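A short write-up of the structure that comes next.
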Amino acid sequence: MVDKPVLSMRELVERFVPDGQELMIGGFAFSDPTALAHELIRQNRRELYVMKTSGGVLVDMLVGAGLIRRLLSCHVWNSVGPVPAHCFRRSLEGKGGAPFEIEELSYGAFTMGLLAGACDLPFAPTTPLLGTGHFETRTFLPDKLGQVMNPFGSEPVSVVAPIKPELGVFHVHRVDALGNAQMFGPTGEMRYAMAACKRLIVIAEELVDTEVIRARPEATVVPSFMVEAIVVEPWAAHPTDSYGYYLRDLPHNELYGSLSRTPEGFAQYVDEWITQTGNHSGFLAKLGEAELDRLRLRREQW
Amino acid sequence: MVTSGASPFERMLLTGAACMDPDVVTFVGFHWPMVMARVARRLHAPAMTIVYENGIVEDRITPVFPTSPCDLVAADGATMCAGSVDALYMWLGAGRVGMTMLEAAIVDRHGNINTTAVGPYKKPLVRLPGSGGGTELGSMGRGLLLVSASTNSRSYPDCVDYITSPGYLGGRSQRSSLGYKPGTGPQRLVNPLGLFGFNEAGELFPTAVHPGVTVDDVRACFGWPIAVPDTLNVLPEPNADELAIVREELEHARERAYLLPQD
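First to last, the protein sequences are chains A and B.
Positions 1 to 302 (our numbering) are the ones given, in order, by the first sequence.
Positions 1001 to 1263 (our numbering) are the ones given, in order, by the second sequence.
Structure (C-alpha cells):
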C-alpha cells in the first residue's frame, strides 16, 4: 500500500469540490465536519448537491450562505434547545435567503439506501412507508422509493433505491498514512455511508502510526483501499461532539441559534466566525483555549 | 403525601414516566421522551434498558443530561455503541423493543404525525425539522406511546398535511393492508390533559385525565369532534417525591440548554 495524499482543508475544497459537486457529508449530529462547511463558505462554492442524514447547524450554514442547490436529508434542526435551523426554515418558507430544492428520506430508509449503494444491490427492503409523506411526496428523486410484492409471501414491501454519492467527506477519529480510518462510540449510518461513496476523503482528529490502528482493528470503519485522501484537522467536528475527543459545545450552538434568527445576524456570524478567522486554526483561536479546555475529553489511550 | 401545584406539563412528564416498564426494552426518541426516561429511572426503573437511534444501549442514568441522543454524553457508561441498522432494524423492526416513545408535535385523529411541513409541502406555512428516525418509530415501533406537550387544537388537526410518522393512516384496516406488521402503530398518547388510547377504528380517544381536567377541556384540545367515553378515569395527583424529581430533572434540562414551556 502507498501513503495517501494529506491535504489541508483548503486544498480539499480546491481540488475535490468544484461548483455543482455532488457531496455526501458525514456525521449524524455528532462528528459533523463543520470545518469543511466553513471552508466551503470561505471559497464560496455554489450549486452543490449535498447529501447529509442529519443536517444540523452544518447544513443550515450552507443553506444560509447560498451554497446549496439540492439537499437530500432526513432532518435539519439545531438540536440544542432544540431551536429551528433558521436559515433552512426561512428559505423553505420563502421568507428570505437563497432557494434550494429538498428531497427527504426517513433515517432508516436513508441508511438502507446507503447500505444498498455500498453493497451494489439493486435496492434494499426498508421501513414500511406506504401511505406516508416520504412515499407519496417526491421532488428531484422521483424514484427514491418503490414497492414490490414479497416474493416469499404476499404482502407489499417498501424498497429504497441505492444511494451512491459521487464524493463523500467524513469526519473520523484517527487515521494512518495509508488511510485506515477509525471511529469509537456509536457510528449511526456512517460505515454504510462511507462505503456507498464512489470517492471518499476522511477528515481525522489525528494521524497515527499503523501500529496504533493494528492495536484496535475492530474500530476501523473504513479500510485504506477505500480512502483517496486525508485531511488532519483537530476539532473539525466542533460544535458537534467527537466521541472520546471533545463534547458538544452547547453555548456555541446557542450563539449560532440566536444570531441566525435573522439574515443580518447570520451574516454577522459568517463574517466573525468564518470569513475573518481565515482557516480552522483561526476559528479555534477565536474560540479560545479556555473554551477548548472546557470541551476537551481526557481519555485514556485507546 | 399529596401535593398540589403540579403544572399540566409536569403531570404529562410524570404520567409518561409512569407508563415506562422497568422490564421492557424501550426505544426513546428525541426531546420530552428523554426527560420522561430520566424521571422513570429515578422513580421506579433505574436499570431499564433504553436504546437510541444512533445505536446506543443504556441501562442506567447518565451523569449528564444529553441535549439529544446524539449528544454523546448519552453514551457515557453505555453497554453498546452500535449503529442505525442495529437500532432501527435489528432491535426496533425485529420486535426486540417492547415500548417506543415518540414526540408528536402535530398529530391527527388516527395518530398520524407531522414533523415535516404545515401547509403545501413545496411552499410550507411552517417548515419543521423532518423525520429523522421518527418515521421508523411510527412504522415499526411496538407499544408506541406518543408524547405531545401541546393542548392547542392546531397541534391536533383532523388530518395532518404530511404524514411523517404513520399512525393508522386512514384507519386501522388501511394500515394493516399496507405491509405494516401486526402489533405496530400507536397505542397511547400522553399530553398535559392525560392519557389517550386508539379505538378499534384507530381513532384517538381519552382514557384517563389529570385531576381537574374536564370533558370540555378535552373537546377543546382537538380539531375534530373527539369521542369521549361516558366515564373518564382520573389519574392520581403526583406525590411530593415525584414532583421533586421531575422538577430536579427539569432544572437539569434547563442547565443543558433545553427550552422549557414556561421560558
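Just so you know, even glycine gets a beta-carbon here, dropped at the ideal spot from N, CA and C.
Nothing here was measured: the structure is a model prediction, and the numbers come from that model.
1) What are the partner residues of L1102 (chain B), as DSSP defines its beta bridges?
2) Pull up the distance between the alpha-carbon of L259 (chain A) and that of W235 (chain A), whole angstroms please.
3) Using a 10 Å radius around the Cβ and a threshold of 16 neighbouring Cβ atoms, would you call P1206 (chain B) buried or exposed?
4) Any idea what DSSP makes of M1 (chain A), helix, strand or coil?
5) Do F266 (chain A) and W273 (chain A) have their beta-carbon atoms positioned less than 8 Å apart in this structure?
6) Mind listing the chain B neighbours of W235 (chain A)? Cutoff is C-beta to C-beta under 9 Å, in chain order.
7) Skipping 5 residues on each side, what residues in its chain have a beta carbon closer than 6 Å to that of L1189 (chain B)?
8) Please report the Cβ distance between L141 (chain A) and E93 (chain A), rounded to the nearest whole angstrom; I am assuming they are in contact, meaning their Cβ atoms lie under 8 Å.
9) Any idea what DSSP makes of V17 (chain A), helix, strand or coil?
10) Please list, in chain order, the residues of the segment 64-81 of chain A that have any C-beta partner in chain B closer than 8 Å.
11) Short check: CB of T1115 (chain B) to CB of P1129 (chain B), under 8 Å?
12) Within the continuous alpha helix (DSSP H) that includes C119 (chain A), where are the two ends?
13) Run through DSSP, which three-state label would R10 (chain A) get?
14) Taking the C-alpha atoms as reference points, what is the distance between K144 (chain A) and N279 (chain A)?
15) Are any of the Cβ atoms in chain B nearer than 8 Å to that of E11 (chain A)?
16) M1080 (chain B) by DSSP, collapsed to three states: which one?
17) With a cut-off of 8 Å, does the C-beta of H30 (chain A) fall near any C-beta of chain B?
18) Just to check my reading of the structure: E1242 (chain B) and L1088 (chain B) have Cβ atoms closer than 8 Å, yes? What is that Cβ distance to the nearest angstrom?
19) I'd like to know whether the C-beta of R1041 (chain B) is nearer than 8 Å to at least one C-beta of chain A.
20) Using the beta-carbon count (16 or more within 10 Å), is G1083 (chain B) buried or exposed?
21) For A1201 (chain B) and R1172 (chain B), which I take to be in contact (beta-carbon distance under 8 Å), what is that distance rounded to the nearest angstrom?
22) Apart from the five residues on each side of it in sequence, which residues of its chain come closer than 7 Å, Cβ to Cβ, to G1055 (chain B)?
23) Please check the pair P305 (chain A) and V169 (chain A), which I expect to be a contact at CB under 8 Å, by giving their CB distance rounded to whole angstroms.
24) Compare the beta carbon distance of R46 (chain A) and L67 (chain A) with 8 Å and say whether it is the shorter of the two.
25) Which partner residues does V1209 (chain B) have in the DSSP bridge list?
26) Would you say P1129 (chain B) lies against chain A (beta-carbon separation less than 8 Å)?
27) So R1011 (chain B) and H1210 (chain B) are supposed to be a Cβ contact under 8 Å. How far apart are they, rounded?
28) What residue from B:F1027, B:L1235 and B:T1164 has the CA that sits closest to L1193 (chain B)'s CA?
29) With a cut-off of 8 Å, does the C-beta of L255 (chain A) fall near any C-beta of chain B?
30) Note down, in chain order, all residues in the segment 225-252 of chain A with a beta-carbon under 9 Å from any beta-carbon belonging to chain B.
31) From the DSSP secondary-structure annotation, give me the bridge partner or partners of Q147 (chain A).
32) Just to confirm the assignment, what range does the beta strand (DSSP E) spanning I230 (chain A) have?
33) Suppose contacts are defined by Cβ-Cβ distances below 8 Å. Is M1036 (chain B) in contact with M1099 (chain B) by that definition?
34) Taking the beta carbon of A215 (chain A) as the centre, do at least 16 other beta carbons fall within 10 Å, making it buried, or is it exposed?
35) Tell me where the alpha helix (DSSP H) around I1056 (chain B) begins and ends.
36) Figure out for me which residue from A:V232, A:L40 and A:L129 has the closest Cα to the Cα of S8 (chain A).
So, to answer that:
1) To locate residue 1102 (chain B), count along the second sequence from 1; it is residue 102. Per DSSP, B:L1146.
2) Here residue 259 (chain A) refers to the residue found at position 259 when the first sequence is read from its first residue. Here residue 235 (chain A) refers to the residue found at position 235 when the first sequence is read from its first residue. Each residue's alpha carbon lies about 22 Å from the other.
3) Mapped onto the second sequence, residue 1206 (chain B) falls at position 206. Classification of P1206 (chain B): buried, given that the 10 Å Cβ count is 16 or more.
4) Residue mapping note: residue 1 (chain A) aligns to position 1 of the first sequence, counting from 1. Looking at M1 (chain A) - three-state DSSP - the assignment turns out to be coil, as it is neither helix nor strand.
5) Sequence index remark: in the first sequence, residue 273 (chain A) carries index 273 (1-based). Sequence index remark: in the first sequence, residue 266 (chain A) carries index 266 (1-based). Result no, Cβ atoms of W273 (chain A) and F266 (chain A) do not sit closer than 8 Å.
6) As a working mapping, residue 235 (chain A) is identified with position 235 in the first sequence. Listed along chain B, no residue sits closer than 9 Å to W235 (chain A) by beta-carbon distance, the nearest being about 15 Å off.
7) Against the second sequence, residue 1189 (chain B) aligns to sequence position 189. Answer for L1189 (chain B): L1146 and F1196, listed in chain order.
8) Here residue 141 (chain A) refers to the residue found at position 141 when the first sequence is read from its first residue. Here residue 93 (chain A) refers to the residue found at position 93 when the first sequence is read from its first residue. 22 Å between Cβ atoms; not a contact.
9) By 1-based counting over the first sequence, the position of residue 17 (chain A) is 17. It is coil, neither helix nor strand.
10) S73, C74, H75, V76, W77, S79, V80 and G81
11) Stepping through the second sequence from its first residue, residue 1115 (chain B) is reached at position 115. Stepping through the second sequence from its first residue, residue 1129 (chain B) is reached at position 129. Cβ atoms of T1115 (chain B) and P1129 (chain B): closer than 8 Å.
12) For this step, residue 119 (chain A) is matched to residue 119 along the first sequence. Looking at the DSSP string, the run of the alpha helix (DSSP H) that includes C119 (chain A) is Y107 to C119.
13) Position 10 of the first sequence holds residue 10 (chain A). Of the three classes helix, strand and coil, the one that applies to R10 (chain A) here is helix, per DSSP.
14) Taking the first residue of the first sequence as 1, we reach residue 144 (chain A) at position 144. Taking the first residue of the first sequence as 1, we reach residue 279 (chain A) at position 279. Distance between the alpha carbons of K144 (chain A) and N279 (chain A) is about 37 Å.
15) Numbered from its first residue, the first sequence carries residue 11 (chain A) at position 11. Chain B, which has no Cβ nearer than 8 Å to the Cβ of E11 (chain A), makes this no.
16) The residue given as residue 1080 (chain B) occupies position 80 in the second sequence. DSSP places M1080 (chain B) in strand when its eight states are reduced to three.
17) For the purposes of this step, residue 30 (chain A) is taken as the residue at position 30 of the first sequence. Checking the sequence, you will find Phe at residue 30 (chain A) rather than His. Closer than 8 Å to some Cβ of chain B, the Cβ of F30 (chain A) qualifies, so yes.
18) Translated into the one-based positions of the second sequence, residue 1242 (chain B) becomes position 242. Translated into the one-based positions of the second sequence, residue 1088 (chain B) becomes position 88. That pair is no contact at about 33 Å.
19) Walking along the second sequence from the start, residue 1041 (chain B) turns up at place 41. For R1041 (chain B), the answer is no, since every Cβ of chain A falls outside 8 Å of its Cβ.
20) Residue 1083 (chain B) sits at position 83 when you count from the first residue of the second sequence. Under this definition G1083 (chain B) is a buried residue.
21) In the second sequence, residue 1201 (chain B) corresponds to position 201, counting from 1. In the second sequence, residue 1172 (chain B) corresponds to position 172, counting from 1. With 8 Å as the limit, A1201 (chain B) and R1172 (chain B) qualify as a contact, their Cβ atoms being about 6 Å apart.
22) Taking the first residue of the second sequence as position 1, residue 1055 (chain B) is located at position 55. Contacts found: C1081, A1082, G1083, S1084, D1086 and A1087.
23) Residue 305 (chain A) cannot be examined here, being either before or after the span of chain A that is shown, 1 to 302.
24) For this step, residue 46 (chain A) is matched to residue 46 along the first sequence. For this step, residue 67 (chain A) is matched to residue 67 along the first sequence. It is a contact, given that the beta carbons lie within the stated cut-off.
25) Within the second sequence, residue 1209 (chain B) is the residue found at index 209, counting from 1. Beta-bridge partners of V1209 (chain B) (DSSP): B:G1194 and B:V1234.
26) As a working note, residue 1129 (chain B) is residue 129 in the second sequence. At least one chain A Cβ lies under 8 Å of P1129 (chain B).
27) Here residue 1011 (chain B) refers to the residue found at position 11 when the second sequence is read from its first residue. Here residue 1210 (chain B) refers to the residue found at position 210 when the second sequence is read from its first residue. R1011 (chain B) to H1210 (chain B), Cβ: 5 Å. Contact.
28) Here residue 1193 (chain B) refers to the residue found at position 193 of the second sequence. Cα-wise, what sits closest to L1193 (chain B) is B:L1235.
29) Residue numbering aside, residue 255 (chain A) sits at position 255 when the first sequence is read from its first letter. No - not a single Cβ of chain B is within 8 Å of the one on L255 (chain A).
30) Within the segment 225-252 of chain A, the residues whose Cβ lies closer than 9 Å to some Cβ of chain B are T240, D241, S242, Y243, G244, L247, R248, L250 and P251, listed in chain order.
31) The residue given as residue 147 (chain A) occupies position 147 in the first sequence. According to DSSP, Q147 (chain A) bridges with A:S158.
32) Here residue 230 (chain A) refers to the residue found at position 230 when the first sequence is read from its first residue. Start and end: A229 to V232.
33) Translated into the one-based positions of the second sequence, residue 1036 (chain B) becomes position 36. Translated into the one-based positions of the second sequence, residue 1099 (chain B) becomes position 99. Contact flag unset, no.
34) Locating residue 215 (chain A) in the first sequence gives position 215, where the first residue counts as 1. Under this definition A215 (chain A) is an exposed residue.
35) Here residue 1056 (chain B) refers to the residue found at position 56 of the second sequence. No alpha helix (DSSP H) holds I1056 (chain B); the beta strand (DSSP E) holding it covers I1056 to E1058.
36) On the first sequence, residue 8 (chain A) is found 8 positions in, with the first residue counted as 1. When each option's Cα is compared against that of S8 (chain A), the closest is A:V232.
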